[in-house]
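Written out below as structure tokens is the structure these notes cover.
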Amino acid sequence: MASYSSVDEYGGFDFSRALASDFGLGSSAITSNTSAAPSLPQQSNVSAFKMPLTPQLNALAIVPGSCPQCKGRKYNFTAYFHNTKYFSSSPHHLLSYIERSYVLKNQLQSLLVEWAMNPRRPIIEFADIAEPQIRAWERRVQYLVETVLEFATSKGLHQGVGARKTDTVLRWTGKMVTRLEDTVWERANFQVSQSEMVSLLFQFRKLWESVWVGLVEDERSQREMSRSS
Ligand SMILES: [Zn+2]
Numbered sequence: 001m002a003s004y005s006s007v008d009e010y011g012g013f014d015f016s017r018a019l020a021s022d023f024g025l026g027s028s029a030i031t032s033n034t035s036a037a038p039s040l041p042q043q044s045n046v047s048a049f050k051m052p053l054t055p056q057l058n059a060l061a062i063v064p065g066s067c068p069q070c071k072g073r074k075y076n077f078t079a080y081f082h083n084t085k086y087f088s089s090s091p092h093h094l095l096s097y098i099e100r101s102y103v104l105k106n107q108l109q110s111l112l113v114e115w116a117m118n119p120r121r122p123i124i125e126f127a128d129i130a131e132p133q134i135r136a137w138e139r140r141v142q143y144l145v146e147t148v149l150e151f152a153t154s155k156g157l158h159q160g161v162g163a164r165k166t167d168t169v170l171r172w173t174g175k176m177v178t179r180l181e182d183t184v185w186e187r188a189n190f191q192v193s194q195s196e197m198v199s200l201l202f203q204f205r206k207l208w209e210s211v212w213v214g215l216v217e218d219e220r221s222q223r224e225m226s227r228s229s
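Using UniProt numbering, the letters of the sequence shown correspond one by one to residues 1 to 229.
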């Protein structure tokens, strides 16, 4: 039996900490400042920003929480979208896709907690329950990739960096699905600790981020080319 990783303790799992850690605190390998990435819904630390703004001021302000295009969504993306460290221009037009990638990440977290962190035993007795959940998640990832590729194609960017990066998302997802399925069918033992799970979720989010950043850069190059031609 293969062993992907091992762990001997499950206790003390702190869900909110795991999620907060998803944005850069959980992986020592990645040291860039990701504190601007959005966290959980209703966790905006900018709700104190309530001063009324004129439309002109509002348009200028990129104070977190004040952007009308980022506002009012399930996840607060304002600080993240307006951080030029990530995006040369704010990817508002990608917001619905990005939101969906976060939902997929949260669903992956549920799968990992249920089947790789603290699975019921013997796990093979629950394989018939686990397998459809794992497959459904994979299909949702594939569907989002297809949707994003359709968008890229509609913009003439199907050969761009953003579109190509979706391959990496699919490969990573395929491996994750294999690991989870091997585990629930007891062909292998893929057990993750809390910190390993946080690291995996971080990887998933970063792979999607490379798609969004790629698309934004592809669009910028396209604009520059059309200007110079
Ligand atoms: Zn915005």
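Don't be surprised by glycine CBs; every beta carbon is placed ideally from N, CA and C.
Using a Cβ distance threshold of 8 Å, determine whether the segment 183-200 contacts the segment 113-120, with at least three qualifying pairs required. Put simply, the segment 183-200 touches the segment 113-120. At least three CB pairs are less than 8 Å apart.
TODO: Note down, in chain order, each residue of its chain lying with its Cβ closer than 7 Å to the Cβ of Ser101, except the 5 sequence neighbours on either side.
DONE: The answer, listed in chain order, is Leu144 and Trp208.
Lining residues of ligand 1 - beta-carbon closer than 6 Å to any non-hydrogen atom, in sequence order: Result: Cys67, Gln69, Cys70, Thr78, Phe81, His82, Ser90 and His92.
Measuring only the C-alpha atoms, how far is Lys85 from Val211? Their backbone Cα atoms lie some 15 Å apart in a straight line.
Fill in: Where the alpha helix (DSSP H) containing Asn118 begins and where it ends
Counting along the chain, Asn118 falls outside any alpha helix (DSSP H), and DSSP gives it neither H nor E.
Residue range of the unbroken beta strand (DSSP E) whose run includes Asp190 | A small correction: the amino acid at residue 190 is Phe; Asp does not occupy that position in the sequence shown. Bounds of the beta strand (DSSP E) holding Phe190 are Ala188 to Phe190.
Worksheet entry | Reference Leu111; option with closest CA among Pro132, Pro122, Tyr97 and Val216 | Of the listed residues, the one whose Cα sits closest to Leu111 is Pro132.
**Distance between Ala79 and Lys165 (C-alpha atoms, nearest Å)** = Straight-line Cα distance between these residues: approximately 24 Å.
Handout entry: The alpha helix (DSSP H) enclosing Arg73, as first and last residue numbers
Key = Premise fails: Arg73 is in no alpha helix (DSSP H) and is neither H nor E.
Exercise. With Thr183 as the anchor, note down where its alpha helix (DSSP H) starts and where it stops.
Key: Run containing Thr183: Val161 to Val184, per the alpha helix (DSSP H) assignment.
Three or more C-beta pairs below 8 Å linking the segment 178-187 and the segment 142-157: At 8 Å Cβ cutoff, the stretches do not touch.
Assuming Val161 and Asp218 form a contact by the criterion Cβ under 8 Å, report the distance between their Cβ atoms to the nearest whole angstrom. Right, their Cβ atoms sit about 6 Å apart.
Rounded to the nearest angstrom, how far is the Cβ of Leu201 from that of Leu108, given a contact under 8 Å?
-> Taking C-beta atoms under 8 Å as the contact rule, Leu201 and Leu108 qualify, at a distance of about 6 Å.
Cα-Cα separation, Ile129 to Val113: Taking the straight line joining both Cα atoms gives about 15 Å.
The alpha helix (DSSP H) enclosing Pro132, as first and last residue numbers: First-last of the alpha helix (DSSP H) with Pro132: Ala127 to Ser154.
Open item on the list: Comparing C-alpha positions only, which one of Ser88, Phe87, Ile98 and Ser89 sits nearest to Arg73?
Closed with: Closest in C-alpha terms to Arg73, from the list Ser88, Phe87, Ile98 and Ser89, comes Ile98.
**Report entry** Reference Arg135, options Gln159, Thr168 and Gly174, closest by Cα
**Finding:** Residue Gly174 is the option with its Cα nearest to Arg135.
Quick one: is His158 near chain D, going by C-beta distance under 8 Å? Here there is only one protein chain, and chain D is not present.
(request) Grab me the residues of Val216's own chain with a C-beta within less than 7 Å of its C-beta, minus the 5 sequence neighbours each way, in chain order. (result) So the list reads Phe87, Ser88, Ser89 and Pro91, once near-sequence residues are dropped.
Range covered by the alpha helix (DSSP H) that runs through Gln69
Where Gln69 is concerned, there is no enclosing alpha helix (DSSP H), given that its DSSP letter is neither H nor E.
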